[in-house]
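Q: Residue numbers (my numbering): 1 to 72. Heads up, the beta-carbon is just placed ideally off N, CA and C, and yes, glycines get one too. For reference, the structure I am asking about is given below.
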């Protein structure tokens, strides 16, 4: 369990309630996390993503997105 200052500033929602939030922003980066990020996007637990180029390219690769063919 979290103690101290961080605990006092932390809000938690279960996935059922998170899915009902109109705007849920995910902030994550790392190719290693790409599969998890993609799952959260596909299940609509997050509907806005802030990330870096490397991570978004990996997500597009996982999705076999045709945009990658035109990306230089």
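Roughly how many whole angstroms lie between the Cα atoms of residue 74 and residue 51?
A: In this structure the chain extends from 1 to 72, so residue 74 is not present and cannot be described.
Q: Go through its chain and collect everything with a Cβ distance to residue 58's Cβ below 8 angstroms, but skip five positions before and after it.
A: So the list reads 31, 34, once near-sequence residues are dropped.
Q: Taking its Cβ as the centre, do 16 or more other Cβ atoms sit within 10 Å of residue 46, making it buried, or is it exposed?
A: Buried.
Q: Return the residue from the list 68, 9, 19 that minimises the CA-CA distance to residue 40.
A: Checking every option, the nearest Cα to that of residue 40 belongs to 19.
Q: What do you reckon, are the CB atoms on residue 60 and residue 49 nearer than 9 angstroms?
A: No, these two residues do not count as a Cβ contact at 9 angstroms.
Q: Considering only residues of the stretch 3-65, which uninterrupted alpha helix (DSSP H) runs meet the minimum length of 4 residues and lie entirely inside it, listed in chain order?
A: Qualifying alpha helix (DSSP H) stretches, in chain order: 5-8, 15-19, 34-42, 53-62.
Q: Go to residue 67, then tell me how far its alpha helix (DSSP H) extends in each direction, as first and last residue.
A: Residues 67-70.
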